[in-house]
Amino acid sequence: MSRLVLVLGDQLTLTVAALRGADRARDLVVMAEVMGEAASVAHHPQKIALIFAAMRKFAARLCAEGWRVAYTRLDDPESSGRIGGELLRRAAETGAGEVLATIPGEWRLIEALDALPLPVTLLPDDRFLCSRAEFEDWARDRKQLRMEYFYREMRRKTGLLMREGGPEGGQWNYDAENRRPAAPDLFRAKPPRFEPDAVTEEVLELVEARFGGNFGRLRPFGWATDREGALRALEHFIAEALPRFGAEQDAMLRGDPTLSHALISPYLNLGLLAPLEVCQRAEAAWRAGAAPLNAVEGFIRQIIGWREYVRGIYFLEGPGYTACNTLEHRRALPPLYWGAETRMACLSHAVAQTRDMAYAHHIQRLMVTGNFALLAGIDPHQVHQWYLEVYIDAYEWVEAPNTIGMSQFADGGLVASKPYVSSGNYINGMSDYCKGCSYSVTAKQGPAACPFNLLYWHFLLRHRARFERNPRMGPVYRTWEKMESGKREAVLAEAEAFLARMEAGETV
Ligand code: FAD
Ligand code: DLZ
Ligand code: SF4
Numbered sequence: 001m002s003r004l005v006l007v008l009g010d011q012l013t014l015t016v017a018a019l020r021g022a023d024r025a026r027d028l029v030v031m032a033e034v035m036g037e038a039a040s041v042a043h044h045p046q047k048i049a050l051i052f053a054a055m056r057k058f059a060a061r062l063c064a065e066g067w068r069v070a071y072t073r074l075d076d077p078e079s080s081g082r083i084g085g086e087l088l089r090r091a092a093e094t095g096a097g098e099v100l101a102t103i104p105g106e107w108r109l110i111e112a113l114d115a116l117p118l119p120v121t122l123l124p125d126d127r128f129l130c131s132r133a134e135f136e137d138w139a140r141d142r143k144q145l146r147m148e149y150f151y152r153e154m155r156r157k158t159g160l161l162m163r164e165g166g167p168e169g170g171q172w173n174y175d176a177e178n179r180r181p182a183a184p185d186l187f188r189a190k191p192p193r194f195e196p197d198a199v200t201e202e203v204l205e206l207v208e209a210r211f212g213g214n215f216g217r218l219r220p221f222g223w224a225t226d227r228e229g230a231l232r233a234l235e236h237f238i239a240e241a242l243p244r245f246g247a248e249q250d251a252m253l254r255g256d257p258t259l260s261h262a263l264i265s266p267y268l269n270l271g272l273l274a275p276l277e278v279c280q281r282a283e284a285a286w287r288a289g290a291a292p293l294n295a296v297e298g299f300i301r302q303i304i305g306w307r308e309y310v311r312g313i314y315f316l317e318g319p320g321y322t323a324c325n326t327l328e329h330r331r332a333l334p335p336l337y338w339g340a341e342t343r344m345a346c347l348s349h350a351v352a353q354t355r356d357m358a359y360a361h362h363i364q365r366l367m368v369t370g371n372f373a374l375l376a377g378i379d380p381h382q383v384h385q386w387y388l389e390v391y392i393d394a395y396e397w398v399e400a401p402n403t404i405g406m407s408q409f410a411d412g413g414l415v416a417s418k419p420y421v422s423s424g425n426y427i428n429g430m431s432d433y434c435k436g437c438s439y440s441v442t443a444k445q446g447p448a449a450c451p452f453n454l455l456y457w458h459f460l461l462r463h464r465a466r467f468e469r470n471p472r473m474g475p476v477y478r479t480w481e482k483m484e485s486g487k488r489e490a491v492l493a494e495a496e497a498f499l500a501r502m503e504a505g506e507t508v
């Protein structure tokens, strides 16, 4: 009896496990654009368009390679609107008796497939360098799951930047040479734009009609939608931006939203690029003398370190992870996250860029939008929903540990050894946002005081019992104690007043 081979929208790899395990002479590939996925949250229109355009092109590629593909378009009147429903429909049409799938990257969908009244074989997703079992072994019996130690294991396993069993250059991590502010530079290369072809244009019209009310601009749409385009984007990054990646990794500039970042996360997460090929390409650039070690090591660490590590955490922690709220933060996400006016220039820029591009780089996500939400005590589940909706690369396996864990400390310190909070000083040091802000970053109190300055202390005092004994945070509490008591009271009262204005819906 023939089988159905499920290929999800983020499994667009010719060698994905389910396709490797299938028989193209006998089995039927099932792909489906469905509201059950496209409206599971209100995804940014560019994200939906990228996924649908890439799915259509991948299905055409499979057909060209001799596969039979049953492809459901979003506007198919016969569609059940769900992945599970489409599998049942194709089974009824063809008499297929079982399903072969690569395990999805979200518990919700794994549970839906498990509940199907058909035998379903879920194969491990070996597009990742570290299997779930391997991560569980690594995590077992460890008191702390620090990314840095996991990363060293991944370096050993892959042989990337290794020499005679040790790290190239003698150090595992060159971050001391990274993380500089950046200056505007007219000659900094812009990421390549991919003009929509006829397939993408048809998808753009569909998305415009069906998802036009979602947060975010659909056009201009310039993302690559197939492997060839994704490889061109990678080559562009390696040649033009990788040499400056390390130094500019944490910088933020109003006029340059992408700086020297790669913009390849959407392609990696869809399966159009493979993590090892990307890292090997970066290593080759270093060996050829085309990029410095600090940049290449930093870039490789993000991919074989952070990316693999957060996936390990997501599956280790189980479906309840997104409900974690250790700090018991309960405030509603303020409308400024959806583009409502704000006087805070940093947030205004980060949100506007997100609306226009469906992209913000790591430090904008962590130290602007994430930092503010944490300082202001926003419900981490709402913060998680926001990140899952607004970014082109957002899938729960990668988004949730970054948001719930790294950014909001809602898992109690599993991912982050200390909360990523800062006053305005950090943002001022790493960006040019403060120069155009109606608040003053140097004002610590008073009507002009930067809200990050006020809320920083409010956060630390709210959670004093939890963080005071953290060796990396003790010194800030001692700074607080040295402050004159009248000033301390004023700062906390002004922070309270700011939060009250925000909750009342005033422009802050
Ligand atoms: P670069 O800065 O050029 O980095 C190169 C690659 O490294 C990225 O393409 C990405 O694959 C990988 N990488 C870097 N940092 C991380 C990280 N912390 N976790 C996983 N991979 C990483 N990344 C996503 O892919 N999807 C998400 O939904 C997502 N949500 C995030 C939410 C928050 C709150 C934070 C703080 C970070 C999040 N990240 C997420 C991580 C990171 O911000 C993006 O991977 C990165 O900005 C993608 O842009 P880039 O390709 O230009 O990355
Ligand atoms: C994100 C997404 C969207 C928007 N739409 C679809 C879709 O219509 N069909 C599909 O197969 N996959 C889609 N996806 C990706 C899935 O939601 C993704 O596979 C799971 O969230 C697991 O990562
Ligand atoms: Fe952001 Fe404060 Fe700087 Fe304004 S002054 S841009 S609110 S950090």
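1 is the number of the first residue of the sequence shown in the working numbering; add one for each residue after it.
Note that CB positions come from ideal geometry on N, CA and C, so glycine has one too.
Bear in mind the structure is a predicted one, so any value in this text is a computation, not a measurement.
If you follow the beta strand (DSSP E) that residue i is in, where does it begin and where does it stop?
| i | result |
| --- | --- |
| Tyr267 | Counting along the chain, Tyr267 falls outside any beta strand (DSSP E), though it belongs to the alpha helix (DSSP H) covering 265 to 270. |
| Ala239 | Counting along the chain, Ala239 falls outside any beta strand (DSSP E), though it belongs to the alpha helix (DSSP H) covering 227 to 240. |
| Leu6 | 3 to 6 |
Say yes only if the C-beta of residue i is nearer than 6 Å to one or more non-hydrogen atoms of the ligand FAD, and no if none qualify.
| i | result |
| --- | --- |
| Gly429 | no |
| Pro381 | First, the residue type needs correcting, since residue 381 is His and not Pro in the sequence shown. No, since every heavy atom of the ligand FAD falls outside the 6 Å radius drawn around the Cβ of His381. |
| His236 | no |
| His361 | yes |
| Ser265 | yes |
| Arg365 | yes |
| Ser438 | no |
| Arg307 | yes |
Keeping to the same chain, check which residues put their C-beta closer than 7 Å to that of residue i; ignore five residues upstream and five downstream.
| i | result |
| --- | --- |
| Arg152 | Trp172 |
In the DSSP assignment, the alpha helix (DSSP H) including residue i goes from what residue to what residue?
| i | result |
| --- | --- |
| Val351 | 345 to 357 |
| Glu317 | 308 to 317 |
| Ala224 | Ala224 -> no alpha helix (DSSP H), and no H or E assigned at all. |
| Glu202 | 198 to 211 |
| Thr479 | 474 to 482 |
| Thr158 | 147 to 158 |
| Phe135 | 132 to 139 |
| Glu341 | Unbroken run through Glu341: none, as it is neither H nor E. |
| Ile300 | 293 to 300 |
| Thr498 | The sequence given here has Phe at residue 498, not Thr. Note, Phe498: alpha helix (DSSP H), 485 to 503. |
| Val415 | Note, Val415: premise wrong, no alpha helix (DSSP H); not H, not E. |
| Ala400 | 396 to 400 |
| Ala465 | 464 to 467 |
Do residue i and the ligand SF4 come close, with the Cβ less than 6 Å from some heavy atom?
| i | result |
| --- | --- |
| Met344 | yes |
| Val203 | no |
| Val441 | yes |
| Phe459 | no |
| Tyr321 | no |
| Ala420 | According to the sequence displayed, residue 420 carries Tyr and not Ala. Answer for Tyr420: no, Cβ out of range of the ligand SF4. |
If you drop the 5 nearest sequence neighbours on each side, which residues of the same chain put their C-beta closer than 6 Å to that of residue i?
| i | result |
| --- | --- |
| Leu270 | Asp10, Leu12, Ala54 |
| Val441 | Gly424, Asn428, Cys434, Cys450 |
Among residues of its own chain, excluding the 5 on either side of residue i, which ones have a beta-carbon nearer than 8 Å to its beta-carbon?
| i | result |
| --- | --- |
| Arg472 | Ser417, Lys418 |
| Gly339 | Phe215, Val351, Ala352, Arg355 |
| Gly95 | Met1, Ser2 |
| Phe498 | Pro451, Leu454, Leu455, Val508 |
Pick helix, strand or coil for residue i, following the three-state DSSP scheme.
| i | result |
| --- | --- |
| Ser431 | strand |
| Leu122 | strand |
| Leu109 | helix |
| Arg330 | coil |
| Ile378 | strand |
| Ser80 | coil |
| Ser422 | coil |
| Arg163 | strand |
| Pro45 | helix |
| Cys279 | helix |
| Gly21 | coil |
| Tyr387 | helix |
| Ile304 | helix |
| His361 | coil |
| Val16 | coil |
In the DSSP output, which residue or residues are listed as bridge partners for residue i?
| i | result |
| --- | --- |
| Tyr71 | Met31 |
| Asp256 | Leu253 |
| Glu98 | Arg3 |
| Ala449 | Ser440 |
Any heavy atom of the ligand DLZ closer than 6 Å to the CB of residue i?
| i | result |
| --- | --- |
| Tyr395 | yes |
| Val34 | yes |
| His43 | yes |
| Gly512 | Outside the displayed range of the chain (1 to 508) lies residue 512, so it cannot be described from this structure. |
| Ala38 | yes |
| Phe85 | Going by the sequence as given, residue 85 is Gly instead of Phe. No, the ligand DLZ has no heavy atom inside 6 Å of this Cβ. |
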